[in-house]
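The numbering of the first sequence is our numbering, which starts it at 26 and goes up by one. Idealized CB from N, CA, C, for every residue including glycine. This report refers to the structure that appears directly beneath it.
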Amino acid sequence: MEDKQVADLTEDEARDELARLALLLGEANTAYHGQDAPVMTDAEYDVLKRRNTEIEVRFPALKRADSASDQVGAAVSEGFGKIYHEIRMLSLENAFEDTEIADFDDRVRRYLGLTKAIFYTAEPKIDGLSLSLRYENGMLKQAATRGDGNIGENVTENVRTITDIPKALIGAPAIVEVRGEVYMSHVDFAALNERQAAAGDKTFANPRNAAAGSLRQLDPTITARRPLRFFAYSWGVLSEFLSDTQMGAIDWLKSLGFQTNPLTKLCVGPEDMLAHYRSIKAQRATLGYDIDGVVYKVNDLALQSRLGFRSTTPRWAIAHKFPAELAWTRLLAIDVQVGRTGALSPVARLHPVTVGGVVVSNATLHNEDYIAGHDSNGNPIRDAKDIRIGDWVQVYRAGDVIPKIADVDLARRLPEAIPFSFPHLCPECGSEAVREEGDSVRRCTGGLICPAQAIERLKHFVSRGAFDIEGIGAKQIEMFFADSALPIREPADIFTLESRDAAGLIRLKNRDGFGEKSVTNLWAAIRARRTISLARLIFALGLRHVGEVAAQDLSRHYQSWEALCAAVDLARPAALAHRAADEAENAERVAAALEKRRAQITLVHTAAIAAANVPSDSAAAWHELITADGIGPTLALSLSDALANSEERASIDRLIAHLTILPPEIRATQSPVAGKTVVFTGSLEKMTRAEAKVRAEALGAKVSGSVSAKTDLVIAGPGAGSKAKDAERYGVEMIDEDAWLALITGA
DNA sequence: CAGCCTCGAGTTCC
DNA sequence: CTCGAGGCTG
């Protein structure tokens, strides 16, 4: 049937064939996106996909809900449903040195205001995949991978085949989420690879990949034949909590029937933790499964909740990683890439070598000083080496991910090897590439003239946190940028794509990779993004120093694109005066060293003139900009430069013309301190300063360091000094710590 | 003004 | 994931 012409298929044959294709394409997609090796070439994939589309066109009624043709271009289906983690699955802060563990303990105790030693659990860090299991009324209901921490993949059916994971719990609360690590033992891994090889199937590079590949099988019967195991070590949502310590919770998980790691131990203070680390490290080879370090957690759960979280990691845990695996290989070439901001980044092309179970053929070389081994003044740089093409280099994967060069074997250096000369012209557009004083990167000055920068900025524009247009990813940007019939050269072009296509002679749908359906979907996806939040728009522009968070800050502060532009435009003279003053100050420093008085005097003079000519409303707009939350002079100047650049501005205006911009949502919060600016002063007795700040912010308050007319509330402990006086002077309400606690807990 | 924390921008492999 | 640097805190 596979070879039968589409025109000759009966309806039943077509249905079966679509099912077969769905399976094959699904597998290819999973393999392509996951950690597994690709199962087919792109060309083979295209042939199957085209056949799938042809059949669908002939038998529209048979089209499957999971049809691959619904995925546009190379954006392919995921194969698994998505599960939202009610409680985020976080990553851990990493430490490599013993001293970092003492630092961690110091930080924890300082934050809590404790001087005496505290208890930590220490357990091996299993090198597998984290998993969250949800039980309702004792029954396993859902299993999800970590994903990005917020949203994971639904692998419930596969997880049901893992014997270490109970399908039912006895005596458990109504809702229990258990978290832990899926892994494969060394023995099982070796046996699996032997079976795979015997059957002519691909073998896995390491147990971690084997576990990942097995868990992400679309067919649970395959997972069932893979020997996966599971250690429980944490939890998410619990309808009822039964312990007040980490160790107690682990014992509780064990009593529910989960495997917990036998090397989990309670330690007091850093020396004890390090001793257990060394003990685990010594046993590493005999454990029978891969571990990549030791995890320490504050044992007291009440303290854990006081410590809380930073943006991506808890403050109460740290992973102490084992030293990375190293491998020697030859450096074949050094290429220089150009990034979105014009940064020239050197990349090492290596003779392929296996490091930690993965074949590495590229490695980052950071910047030109890193390759030279010293900065532009000849001072040696920490960890950097004089690296030359042809050298034998030692490679490792930092954090087990990014390949880096650890060392160079000077004894094996060829006598003819010469130091790498870093280009001073952009390799992509030939513009001059300059290094700002004190900057470690050299940047192409070509701006949007440089094709590399233009492409990278477009890729950023359509990326996930920005416009996130389904069907236009990095690949499609490359394609459309080079396209002569239907080009995308700037963001606005994306929104004129459909009308240009309609008017064009060569229609998009007639070309490779785009069928009728995918074109329709693409237009729908683009239209859907004509309405966009202000924050996403600002972020998408890809201005230097303006990332996702800064974009949100700007959005929240100015509420509309017009208001933002008006403020930035108004602040322009003040911005220029600020820069002039900066340059004058720098010149002063240089002048002091080199006695270049004349140049300095000129700059100071220019700065003075610039400052004198700043209208007061401009100065006010500038002041508001740089005092807005999270915005400083560097970011403000970058923003100002971008909007004052006529070409850039015109390009942005062309884009805006196609958009409906949504103002930021006002955070609906009932807390009595929401939106208020509060200042803590004096000593606090029931909590530390840091805790107080975090709690206040969680309730929507803004915590400031100094009292001003804008302050709404001052919380004064004993020993409050000048800030209490300021509060009186500005007539700001002042309360003590107890009143504050009553206020926020009463809420 | 120094040190801490968070953010931005860079990169690899599959 | 990590480095460097911007912005904030003490």
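With a contact defined as Cβ atoms closer than 8 Å, residue 565 and residue 661 miss out at about 19 Å.
Under DSSP, residue 150 forms a beta bridge with 318. Residue burial annotation: residue 298 is buried, with at least 16 other C-beta atoms found within 10 angstroms of its C-beta. Residue environment analysis places residue 246 among the exposed positions, since fewer than 16 neighbouring C-beta atoms fall within 10 angstroms of its C-beta. Rounded to the nearest angstrom, the Cβ distance from residue 370 to residue 383 is 21 Å, too far for a contact under 8 Å.
Residue pairing by DSSP places residue 157 opposite 169, 204 in a beta bridge.
Separation of residue 385 and residue 420 (C-alpha to C-alpha, rounded to the nearest whole angstrom) is 9 Å.
Note on residue 135: under 16 other CB atoms within 10 angstroms of its CB, so exposed under the neighbour-count rule.
Out of 685, 513, 604, the CA that lies nearest to the CA of residue 557 is found in 685.
Across the structure, residue 162 and residue 358 are spaced so that their CA atoms are roughly 60 Å apart. Using a Cβ distance threshold of 8 Å, residue 156 and residue 204 count as a contacting pair. C-alpha of residue 426 to C-alpha of residue 388: approximately 10 Å in a straight line. DSSP places residue 534 within a helical segment (H, G or I) once states are collapsed to three. For residue 655, the secondary structure class from DSSP, reduced to helix, strand or coil, is coil.
Residue 281 has its alpha-carbon roughly 49 Å from the corresponding atom of residue 354. Taking C-beta atoms as the reference points, residue 399 and residue 126 fail to come closer than 8 Å. Here residue 232 really is in contact with residue 315; their C-beta atoms are around 5 Å apart, less than 8 Å. If you draw a straight line from the Cα of residue 738 to the Cα of residue 588, it is about 28 Å long. For residue 341, no beta strand (DSSP E) run applies, since DSSP gives it neither H nor E.
Here the alpha carbon of residue 574 sits roughly 20 Å from the alpha carbon of residue 494.
As a beta-bridge residue in DSSP terms, residue 164 pairs with 161, 193. Membership of residue 432 in the beta strand (DSSP E) is indicated by the continuous run 427 to 433.
For residue 419, the uninterrupted beta strand (DSSP E) run begins and ends at 417 to 423, by DSSP. Apart from the 5 residues on each side of it in sequence, residue 189 sits with its Cβ closer than 6 Å to the Cβ of 254, 255, 284 in its chain, given in chain order. Residue 320 counts as buried, since no fewer than 16 other beta carbons sit within 10 angstroms of its beta carbon.
Using a Cβ-Cβ distance cut-off of 8 Å, the region 208 to 224 and the region 285 to 304 are not in contact, since fewer than three pairs of beta carbons, one from each stretch, lie closer than that value. The Cβ-Cβ distance between residue 482 and residue 674 does not fall below 8 Å.
Runs of the alpha helix (DSSP H) spanning 4 or more residues and lying entirely within the region 433 to 515 occur at 476 to 486, 499 to 507, in chain order. Just measuring C-alpha positions, the residue of 356, 292, 327, 237 sitting nearest residue 268 is 327. Sorting 757, 479, 612 by C-alpha distance to the C-alpha of residue 516 places 479 at the top. Three or more Cβ pairs closer than 8 Å define a contact, and the region 650 to 659 meets that threshold against the region 574 to 584.
In the three-state scheme derived from DSSP, where H, G and I count as helix and E and B as strand, residue 584 is classed as coil. Residues 398 of the same chain have their beta carbon placed closer than 6 Å to that of residue 411, with the five preceding and five following residues left out of the count. In terms of Cβ geometry, residue 525 and residue 547 do not form a close pair [threshold 8 Å].
Judged by their CB atoms, residue 464 and residue 438 are not nearer to each other than the 8 Å cut-off. For the 8 Å CB-CB criterion, residue 367 and residue 292 do not form a contact.
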